[in-house]
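Take a look at the structure below.
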Amino acid sequence: MNTTTTDPYQLAAQAAAELAQRTGVERHDVAIVLGSGWAEAADGLGNIVADVALADLPGFPAPTVLGHRNLARSVAVGNKAVLVLGGRAHLYEGHPVTTVVHGVRTAIAAGCQTIILTNAAGGLNPAWPVGQPVLLSDQLNLTGDSPMAGPAPSGDLPIRFVDLTEAYSKRLRDLARQVDNTLPEGVYAGLLGGAFETPAEVRMIGNWGADLVGMSTVLETIAARHLGVEVLGISLVTNAAAGTSDELVDHEDVLHAAAEAGPRIVALLRGVLELL
Ligand code: HPA
């Protein structure tokens with residue numbers, strides 16, 4: 000896709016315009032970013048209005064990770080236009096942070112005032128079985144990068160020094176608990192990744208307050224909060240974090256665990272969308 004700007008916010012506006020044209024949906028209300036293995040959840044959410052290949056929108060790379068679908072899907076749920084982003088760019092794939100958060104900025108340029116970020120994560124809490132969804136209460140951005148680093152946001156955009164006291168909306172967590180009052184909450188540590196963690200690294204982040212570990216989400220949350228949008232974060236525990244059980248960590252197991260949890264996740268996401 001040819002693009003004419005290097006400004007990430009303008010690029011997001013171009014992508015949103017192209018999305019509106021290709022889906023025929025002028026504005027979206029809510030976006031859901033699907034994590035590894037969550038693709039099944041895209042199928043049961045509501046009436047599919049249109050599918051667009053992400054690679055057809057300005058600024059989106061072709062995803063390389065098994066378990067991610069390369070689609071932007073417009074879904075009607077009740078009176079809400081929901082944008083489901085089935086492909087996510089990660090820092091560990093070599094993408095710059097602007098590319099990693101481009102989906103979220105595009106969704107916001109498309110009108111979304113609520114963003115639901117989902118991911119697969121290693122669990123540090125031994126009480127959480129594989130398949131447990133967990134609401135994110137807060138995060139540790141341990142990627143060493145930030146969407147707020149680099150050239151200052153220009154024009155009417157908010158300044159870069161975004162307040163992250165409530166990175167994940169308490170209102171939205173309460174709403175999710177109306178759908179499932181057994182949902183626990185926890186702090187998500189987002190690492191650069193590429194490799195899974197060592198047990199020593201898991202012990203370290205546990206001492207720092209992490210309950211979950213993964214390789215996504217934290218940068219998107221910062222980018223969304225910068226633009227004033229409410230974020231609901233949901234991790235699916237796909238494995239015990241390295242060294243916290245007798246098991247090794249295996250990407251195939253991660254995808255399998257996420258697929259198994261599909262029906263519960265669809266019900267949860269649908270329930271939240273209906274309450275929004
Ligand atoms: N670590 C990092 N990322 C992950 C994990 C993990 O244990 N499981 C799923 N994504």
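Residue numbers (numbering that gives the first Met the number 0): 0 to 275.
Glycine included, each C-beta is placed from N, C-alpha and C at the ideal position.
For residue j and residue i, the rounded distance between their alpha carbons
| i | j | result |
| --- | --- | --- |
| Met214 | Leu139 | 11 Å |
| Asn46 | Lys79 | 11 Å |
| Leu247 | Glu219 | 28 Å |
| Thr142 | Leu191 | 4 Å |
| Val48 | Val83 | 11 Å |
| Leu116 | Leu70 | 16 Å |
| Tyr167 | Ala12 | 24 Å |
| Thr22 | Asp50 | 7 Å |
| Gly77 | Leu274 | 10 Å |
| Trp207 | Ala241 | 16 Å |
| Phe160 | Gly149 | 12 Å |
| Ile107 | Asp249 | 34 Å |
| Thr197 | Ala16 | 43 Å |
Residue i: CB within 8 Å of a non-hydrogen atom of the ligand HPA
| i | result |
| --- | --- |
| Ala148 | no |
| Ala240 | yes |
| Ala223 | no |
| Glu196 | yes |
| Leu190 | yes |
| Ala119 | yes |
| Thr237 | yes |
| Met203 | no |
| Ser244 | no |
Reference residue i; option with closest CA among the options
| i | options | result |
| --- | --- | --- |
| Gly185 | Asn78, Leu231, Leu56, Leu275 | Leu231 |
| Arg176 | Trp207, Pro132, Glu196, His27 | Pro132 |
| Trp37 | Ser153, Leu235, Arg269, Leu226 | Leu235 |
| Ile158 | Arg224, Ala106, Pro198, Leu182 | Arg224 |
| Met147 | Gly122, Val265, Ser168, Thr97 | Thr97 |
| Val201 | Ala194, Gly193, Val212 | Val212 |
| Asp179 | Gly121, Val271, Gly193 | Val271 |
| Asp173 | Gly227, Leu267, Thr216 | Leu267 |
| Arg170 | Leu134, Gly193, Gly154 | Leu134 |
| Thr113 | Ala222, Val129, Asp155, Pro95 | Ala222 |
| Val32 | Gln9, Tyr8, Tyr91, Thr105 | Thr105 |
| Ala88 | Ile107, Ala108, Ser153, Ala61 | Ala61 |
| Arg72 | Ser136, Ala194, Leu18, Ser35 | Leu18 |
| Thr181 | Ser153, Asp28, Trp127 | Trp127 |
| Arg269 | His27, Gln20, Val81 | Val81 |
Pair within 9 Å by beta-carbon distance, residue i and residue j
| i | j | result |
| --- | --- | --- |
| Ala41 | Val74 | yes |
| Asp162 | Tyr187 | no |
| Leu44 | Ala14 | no |
| Thr5 | Leu123 | no |
| Gly110 | Glu229 | no |
| Ala30 | Val100 | no |
| Ala256 | Val129 | yes |
| Asp144 | Leu90 | yes |
| Val217 | Asn238 | no |
| Arg291 | Gly93 | This structure cannot speak to residue 291, because the chain is shown only from 0 to 275. |
| Phe195 | Gly121 | yes |
Residue i: CB within 8 Å of a non-hydrogen atom of the ligand ATP
| i | result |
| --- | --- |
| Thr5 | As far as ligands go, the structure on display features the ligand HPA and does not contain the ligand ATP. |
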